[in-house]
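Its first residue numbered 4, the sequence shown is counted upward by one per residue in the working numbering.
Below is one structure; the comments refer to it alone.
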Amino acid sequence: MKRYLLYTTKLILVSIIIGLAIALFQFLAHELIYLSTKLLASNWIYATLIILVALIIYTGLFFVNRKFDGYYGSGIPRIEAYYHGWHTFNPYLMLVMIFINSLFGFFTGFLLGSEGPSISISTSIGMIGNKALKQKDTEFEASAGSAGFACAFASPLAGFCHLIEENKNVISLKLILKGLLVIGFSFVVSYLVYPHNLLPFFEVEALPFNYYYLLIILGVIIALIAKAYSVIIVKIKSLDTKFHFMHILTPLLLVGFMILRRFCPILCGNGSNSLQLDVIDYSLVAIIGILLFRLAFVGFSSSAYTSGGLVLPMLAVGALASFILVKIYSFIDSSILEYTALFVICGMVSTFGAVTKCPLTAFILGLKCSSFNIVVWPLTLVVLLTAAISYFFKYSSIYHELEKNIPGYGLVH
4 MKRYLLYTTK LILVSIIIGL AIALFQFLAH ELIYLSTKLL ASNWIYATLI ILVALIIYTG
64 LFFVNRKFDG YYGSGIPRIE AYYHGWHTFN PYLMLVMIFI NSLFGFFTGF LLGSEGPSIS
124 ISTSIGMIGN KALKQKDTEF EASAGSAGFA CAFASPLAGF CHLIEENKNV ISLKLILKGL
184 LVIGFSFVVS YLVYPHNLLP FFEVEALPFN YYYLLIILGV IIALIAKAYS VIIVKIKSLD
244 TKFHFMHILT PLLLVGFMIL RRFCPILCGN GSNSLQLDVI DYSLVAIIGI LLFRLAFVGF
304 SSSAYTSGGL VLPMLAVGAL ASFILVKIYS FIDSSILEYT ALFVICGMVS TFGAVTKCPL
364 TAFILGLKCS SFNIVVWPLT LVVLLTAAIS YFFKYSSIYH ELEKNIPGYG LVH
């Protein structure tokens, strides 16, 4: 009994460290994004200075990343490869490099999602905790990774669903119990230290049943968009692996994106600006243009050394696809505009579910965005439909697609 109590106490201590680390990371990410956005928008002198500083830092990071090849980006492909037994990595080096590269990415304009680095950081801490405890506890490492997801989205239930879906082939009572313990303590600590929410809360109107057929259309569209999202990212990364053009292109993209953030922030970053409901006021051509640009933006940004996670960009792409459907139908019946927020919620989380093959996690994230009784049935319909289409056509998760098309990809990303 004492042995189990001692072991549980050690797990709780490591979980507290995870919560503190993710809170610190999210705080720094938000502050750096705010600082760089403010300076870029202030005047050309500050904007030029920030761009020059970013180029100098990037030059240093370029050589550092060449020295420690395989520890740039969000780290998620390498984490996935580790979980599947394909490759392993140095958790100490991963922890340091993820902090440095991701925070620089947020500062410069490659600010994709902070949830990917959060998972990599928490997984690395879990592996370090295992080493400190002189054990090989795979359930704890998996729980630690999902704790990072829970802390990033401020949703312990979503983190637990993420744990179950990512480990559905090896589910066990030990995994469930450790997951509840690690995710619970990590989330509480993270939320108390730095409460934040990566997803907006929408005020939505209940959708009349005569509009439910539009949800079916949305589900089909999202399934296609999810496939396109994976194909574009995999294709760009495959070309970079073959021709190695990103080390030349990245400085140009860095300058271009930082300038673009000054004039049109909706096109850049993690896509959170694309979730704002006033996007529906844009013209149909403009919304389609933003969607196409963001698909290319995410593809190139995720191939750079300083990229973040891909979940928030997925949500933005799904939201934009929902805006397009609502905008087109509004030419027939303008009253559909009252339910824009509901379509955005369903579209954005369903995209995540289809791309990552985690529909239950997507459903929980969707419930977090609005009132349960209003969104539950539309959300259920769209998430289940996109999941069914992705399973019927045998979509793989984006990380499996990367490893399949770029053998050894997880080893170097």
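The beta carbon of each residue, even a glycine, is placed where N, CA and C say it ideally should be.
| Query | Result |
| --- | --- |
| As assigned by DSSP and simplified to three states, the class of G312 | strand |
| Top-ranked residue by Cα proximity to A357, from I392, Q29, L270 and F102 | I392 |
| Simplified DSSP assignment, three categories, for G76 | coil |
| Residue of I220, A307 and G321 minimising C-alpha distance to R417 | Because residue 417 is not part of the residues shown, which for the chain are 4 to 416, the question remains open. |
| Beta-carbon separation (whole angstroms), V378 vs V223, contact threshold 8 Å | 20 Å between Cβ atoms; not a contact. |
| Every unbroken alpha helix (DSSP H) inside the stretch 77–153 [4 residues or more] | 79–86, 94–111 and 118–135 |
| Cβ neighbours of Q29 in the same chain (closer than 8 Å, five flanking residues each side left out) | S117, S121, C154, A155, S193, Y197 and H199 |
| Span of the alpha helix (DSSP H) around H199 | Unbroken run through H199: none, as it is neither H nor E. |
| Sufficient close CB pairs (3 or more, under 8 Å) joining the stretch 175–190 to the stretch 209–216 | no |
| Same chain, Cβ closer than 7 Å to H416, neighbours up to 5 away in sequence not counted | Residue confidence for H416 is low, a pLDDT of 47 falling below 50, so the modelled location carries little weight and cannot support an answer. |
| Cβ-based neighbour list, F248, same chain, cut-off 6 Å, excluding 5 preceding and 5 following | none |
| Residue environment, K245, which counts as buried when at least 16 other CB atoms sit within 10 Å | exposed |
| S312, buried or exposed, once every other Cβ within 10 Å from all chains shown has been counted against 16 | Sequence inspection shows Gly at residue 312; the Ser mentioned does not correspond to that position. By the 10 Å Cβ count, G312 comes out buried. |
| E169 to S400 span [Cα, whole Å] | 10 Å |
| S127 to V282 span [Cα, whole Å] | 38 Å |
| Residue closest to V67, alpha-carbon to alpha-carbon, out of Y49, A50, Y86 and M100 | M100 |
| Under 8 Å between C-beta atoms of L1 and S149 | Outside the displayed span of the chain (4 to 416) sits residue 1, for which this structure offers no information. |
| Terminal residues of the alpha helix (DSSP H) in which L405 lies | I401 to N408 |
| Three-state secondary structure assigned by DSSP to G187 | helix |
| The stretch 45–55 / the stretch 255–272 touching (three or more Cβ pairs under 8 Å) | yes |
| Span of the alpha helix (DSSP H) around L387 | F375 to F395 |
| CA-to-CA distance, F300 to Y216, given in whole angstroms | 32 Å |
| Rounded straight-line distance, which links the Cα of G369 to that of F205 | 10 Å |
| Backbone CA spacing between K134 and V185 [nearest angstrom] | 17 Å |
| Per-residue DSSP class, three states only, for S305 | coil |
| DSSP state of L210 mapped onto helix, strand, coil | coil |
| Separation of S353 from S305, as counted between CA atoms | 21 Å |
| Start-to-end residues for the alpha helix (DSSP H) that takes in P362 | P362 to L370 |
| Cβ-Cβ distance between F296 and L270 below 8 Å | yes |
| Backbone CA spacing between I293 and A157 [nearest angstrom] | 28 Å |
| Simplified DSSP state of D336, which is helix, strand or coil | coil |
| Neighbour-count burial assignment, T62, 16 or more Cβ in a 10 Å radius | exposed |
| Whole-Å CB distance - G350 paired with L315, under 8 Å assumed | Not a contact, Cβ separation roughly 14 Å. |
| Distance CB(I409)-CB(K139) smaller than 8 Å | no |
| C349 - DSSP class collapsed to helix/strand/coil | helix |
| Straight-line Cα distance separating V173 from L42 | 48 Å |
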